[in-house]
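Residue numbers (the working numbering), protein chains in the order written: chain A, 4 to 377; chain B, 4 to 377; chain C, 4 to 377; chain D, 4 to 377. Just so you know, even glycine gets a beta-carbon here, dropped at the ideal spot from N, CA and C. Written out below as structure tokens is the structure these notes cover.
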């Protein structure tokens, strides 16, 4: 861990080590130029970066843009979006951050000029991916459409930065963005969840952080469903009042049992299971709300009649909008929950493939695998 | 048409003619007691009542409660919920309405004592259907769980009433509740739709009223999709800027064409077609919102990934909450659109089965079939 | 403290001791009939009741209704609204609570039939005060327009009840309603205050609870202003990050100093000081929001230009709407803050005048003075 | 009037005529360089520009920035913010507009990088005025902190542009921004105003446009107060259901009379009269909302107790945020009201001082005085 006053030694080299993805499963460590921050941007020395399920998607299937063919092909692309580091260079006009500041990141910097961005909906930027050539509108989704964090340095728009609280380790700070996604999901569900009942389905990192953030904001009860007791136990330690192993008990029945038949107000769906939305609709009561932070790989049968008959709202979220990362970082600075619990493994940058292997194969019950860069 | 000062002759008999539904397709005309209004209730002399698609659902499948078995069996049940009439008797303590007032109705009177009702979400009342015996919580969904309008008289909670504007015919006034559903859908989509783009899928009564209300509030463009040119032409007369016959053109392609590739902000889904939600997700741009006012009869494949990747929100609505009927009635009083265009046939109360036949078989291109009672 | 399973011995007498207010400063202990709960109501055996600043207003100036002359004169009126107790009798149709349940209360039960109540704004009920005679619309503001808690028993609408968490003392439970007001204020300010900056002006009970609830929800920093160090110290114990004694430092300057010139997002004004709104407008940054939970006794000069130039919103709140008391009780059940810190004195029911004296003259630095009834 | 396909002859000179304000009342016509559009900006050939009350404020008192001393002194400053014109040059990367497009403007382009802008609150930009030298954050308030429209050309960020509907005259198009302010005010009041009651106080341009937009959105009744019958008559033509000349009748009494004692839901305060807020608080019913679009020149006595006791919210607005100008332009394109009614006089650019004289002295009952530039 570094403190923000250790600002010496922040000289920036001309080139850096970076992993690039040439195509599906073609990850390669290269030496490439350290990028230069533009207006409203900073250069970040990556100190640590975590692996997310979406990174595996990108690794195995290519970038969303590749898949869609919508973007110009971008050889030399560096993935990785759950990173934190140290500001080492300021773009023109930046005084919001100082050299030496420790920061964590969120993914999206909207273009600031489409109608969604103007209204504050920057994760719905209509110029998504347009950061190249004549179509450059300034949108950034670091690790998705612009270079990310599996490297020694990365450029970030200042809108994607939050200060890392003093005393927080690099590894824990990589989880701020994960907690930010959870916070964003709870925001779109209404935000006022103290005393309201919440089911989180799927104890992956976002699910576990949803438990933690939901409890920190006072949700009651918080119920977590999953298939592995080790994960569910972690959920308990992060604030779940009840855990349900769906191998042992039907989750809808269990929720009804726990809530004495009333159902819950909110479901955060973080499993991507094919029947998850149908189950969520059976878990909430009339007027309930469901946030989808995960999704099945293909179209699944959904009983839409339930949505209509019971006035249910379903919110798809991508990333962590509405400055939710800022709010999540504040809760972590106040030590409202121990995000470190979901950090299980650490590898150096050179061993990124091994890190991915651990993550993908859940070796040693891996949850958050962190790559330590500096 | 009657004016509100024709208050003479409002004496109320002891018994009345009423259609009752003994079971699926078992509609029977009986003589039954005129009900008595309780506190906060009035007795309405039904002047006209329209047939809604949901009435056919009830007629053919039984009440939702019968299907679910959740309610005590209720022989002698009178369906019909799109009615208007004249206040002929006031329950204790009622001074919000006067005898002789012409009123239209919305369906739901919440219990006023569950947590949804307390927050104003009375269409999500958690005591839905509880209006009988020891479980009587005072919830009413007239024509669904409490006696409705295919009769000479009905009791209504004052919360379900709106004044019928002077000069509006009885037949047109039965459409206030339909316009109210459309207004409610636009409300949950955000409400601020002047200059925003709106697709309405399905030119049934709610779809056509969604076109009319959307245009009255300034939506631009308003695009209507459907399969029959006669209905689409009506849509044009009610305010649609573009109509798409999906037999001739792929609706997603057409929406992209009309919006120059941008997609729309909002979709009101009023068709219940199996693929409607998937198409709607392809019609809206990132951050777009979809309201489901109709639904397929069974579970259908839905590509949930699109909801998540594009930050799309989906709102199921039941009925017409948030006092939307009041706002819709105001637009109709101001003659912002000509709801009468969708009224096609009129029958007397005695001929309800014929009216149903016309509606179900779309005889004479029936849209709104009205039963004139007084 | 009693636990909820001590349900024996809940027999209800015919008459009870109750304080009544005949006119300003005319408080008198009488024997009067125990009231009978109606539909959707329960009879509460008062266990404890706290004194609020508004009780002093009522004691010295008469009821708002007396002042306005709007209500029929109501001799035998019993004030007191911050109470808790035990359900001892259920009105017809009530199964939401059981005899023996320990409950705390909020003040307002809306009529459920005006346009504000229908939309969930029950503290803005348009039938405020109408609970008598021919104009009875069912509105209750216990201790304001209907009999309150300085008595052995009181009737409450079930909408005004929250369960008292197991293990919470009677004295602490009287503070749930105070925390509910604070929660409501934070709700109307936007609710999503984790990591946002908050100034609370005035360390009375509502101000102190605003500090506690704001901190529990993650506000950062929380700044409290006041004139007495003892109160400010309590604020620190309840979660304030900074306290400002306005006798020593200009509060606007201090807020600017603490926030490095940026100002804060939110101000909860709980002092009623004549210049408080002007100062609050100088404390918030552009787009900031101010909640007024207190007010000066007469019109004061306000520089409205600041509201307009800086896009500031000002929210007056009365009581504790939007089910905020429920959310506040949940935070207290989860022991997010120690509300007991503001409870300073306890007296038996017979000594209510002495309790008032302690509260009004701040004898022994009295904050919350509780009257223990059973 | 020009149509958008008259794109010939859009060559841009090196210098242009422009009025500059050296200090209070020191307006001078100069020749100065035509500015160059940067990224996300366009150069606009001013076709017409209207005079606003705020222009008079600036003319007589200097810029807000001069008054505050907060900005670097800016000699050569060109005021004027209610303009429209033709895009004649595109900054780098702009393809949202084409050369030859006719556009109207709103005032504020937020910095896009402060926390308010990120959330879509660009009229509350925390970098207000920072468009110069080292502190350049890119904020623009054209005619306030950056050069405006009393000139032949001006630079605009694309976020401040809306297309002028085909067939609309230049003069009418200058009123789009005024209607945008009215729309914004109605938005912050809640937006769903069909059938709700609205008082507009003060029949200046914003007040009259508030009547027109409110009526276009279905408000009912719309009541306008003022002191001059000629203005009130215009209000009637723009959609007011009732007008109140406050010289003849107390406006609070009149509102009570018209609403049968109920009061109204919303007040748009556009007069800046010293007692206007107090009167507005007496006009709205409990839970009512008030938007302040104008303000008195100095602090005025306000009875804050009413805000608190009646749950009233007060919203100060500056300019026209939330893309309201876009929505207002849509209503005008749909000819929902005749904004031209408030345009009374036209002068050429050279006669700006005369135009100001007419506006200030209300010569010929001047309302909107337009300067025609090209």
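Taking the beta strand (DSSP E) that residue i belongs to, which residues open and close that run?
i                      : result
residue 165 of chain B : 164-166
residue 13 of chain D  : Looking at the DSSP string, residue 13 of chain D is not in any beta strand (DSSP E), and its letter there is neither H nor E.
residue 351 of chain C : 346-351
residue 204 of chain D : 201-204
residue 263 of chain A : Taken as a continuous stretch (DSSP letters only), residue 263 of chain A belongs to no beta strand (DSSP E), as it is neither H nor E.
residue 294 of chain C : 287-295
Taking the continuous alpha helix (DSSP H) assigned at residue i, which residues delimit it?
i                      : result
residue 179 of chain A : 179-191
residue 391 of chain B : The structure shown does not extend to residue 391 of chain B, since chain B spans only 4 to 377, so no value can be given for it.
residue 329 of chain B : 327-336
residue 56 of chain C  : 56-64
For residue i, collect the residues of the same chain with a Cβ closer than 6 Å to its Cβ; drop the 5 residues on either side in sequence, then sort them by chain order.
i                      : result
residue 141 of chain D : 114
residue 279 of chain B : 204, 272
residue 378 of chain C : The shown model of chain C, from 4 to 377, leaves out residue 378 of chain C, and the question about it has no answer.
residue 210 of chain A : 203, 273
residue 178 of chain C : 342
residue 313 of chain A : 289
residue 111 of chain A : 125, 126, 144, 322
residue 53 of chain A  : 85, 177, 371, 373
residue 11 of chain C  : With a pLDDT of 47 at residue 11 of chain C, under the threshold of 50, the modelled position of this residue cannot be trusted; read the value that follows with caution. Once the five neighbours on either side are set aside, residue 11 of chain C has no close Cβ partner at all.
Below 7 Å on C-beta distance, what does residue i contact in chain D?
i                      : result
residue 334 of chain B : 197, 221
residue 290 of chain C : 119, 124, 127
residue 303 of chain C : 304, 305, 307
Taking residue i as the reference, which of the options has the closest Cα?
i                      : options                    : result
residue 108 of chain D : D:328, D:199, D:353        : D:328
residue 3 of chain B   : B:29, B:50, B:183, B:105   : Residue 3 of chain B lies beyond the range of chain B shown here (4 to 377); nothing can be said about it.
residue 334 of chain D : D:35, D:33, D:215          : D:215
residue 144 of chain B : B:172, B:127, B:236, B:219 : B:127
residue 57 of chain A  : A:371, A:377, A:376        : A:371
residue 25 of chain C  : C:257, C:193, C:78         : C:78
residue 250 of chain A : A:232, A:156, A:269, A:324 : A:232
residue 298 of chain B : B:320, B:311, B:292        : B:320
Give the C-beta separation of residue i and residue j to the nearest angstrom, bearing in mind that I take them to be a contact with Cβ-Cβ under 8 Å.
i                      : j                      : result
residue 305 of chain D : residue 302 of chain C : 6 Å
residue 3 of chain B   : residue 331 of chain B : Residue 3 of chain B lies beyond the stretch modelled for chain B, which goes from 4 to 377, so this question has no answer here.
residue 105 of chain B : residue 167 of chain B : 4 Å
Can you name the residues of chain A whose CB is closer than 8 Å to the CB of residue i?
i                      : result
residue 329 of chain C : 198
residue 314 of chain B : 124, 126, 127, 319, 320, 321, 324
What residues in its chain sit with their C-beta under 8 Å from that of residue i, if we drop five residues either side in the sequence?
i                      : result
residue 255 of chain A : 282, 285, 286
residue 72 of chain D  : Its pLDDT being 47, under 50, residue 72 of chain D is placed unreliably in this model, and the value from its coordinates should be taken loosely. Answer for residue 72 of chain D: no residue qualifies.
residue 347 of chain C : 367, 368, 369, 370, 371, 372
Say the cut is 7 Å; is the CB of residue i nearer than that to a heavy atom of the ligand ZN?
i                      : result
residue 328 of chain B : This structure simply doesn't include the ligand ZN, nor any ligand for that matter.
Using the beta-carbon of each residue, which ones in chain D are nearer than 8 Å to residue i?
i                      : result
residue 339 of chain B : 221
residue 39 of chain A  : Simply none; closest approach about 17 Å.
For residue i, return the contacting residues in chain B, with the cut-off set at a CB-CB distance below 7 Å.
i                      : result
residue 299 of chain A : 307
residue 280 of chain A : 307
Note down, in chain order, every chain A residue with its Cβ under 7 Å from the Cβ of residue i.
i                      : result
residue 133 of chain B : Those do not exist, as residue 133 of chain B stays about 12 Å from chain A at its closest Cβ, beyond 7 Å.
Residue i versus chain C: which residues are under 8 Å apart at the beta carbon?
i                      : result
residue 311 of chain D : 295, 296, 297, 298, 319, 320, 321
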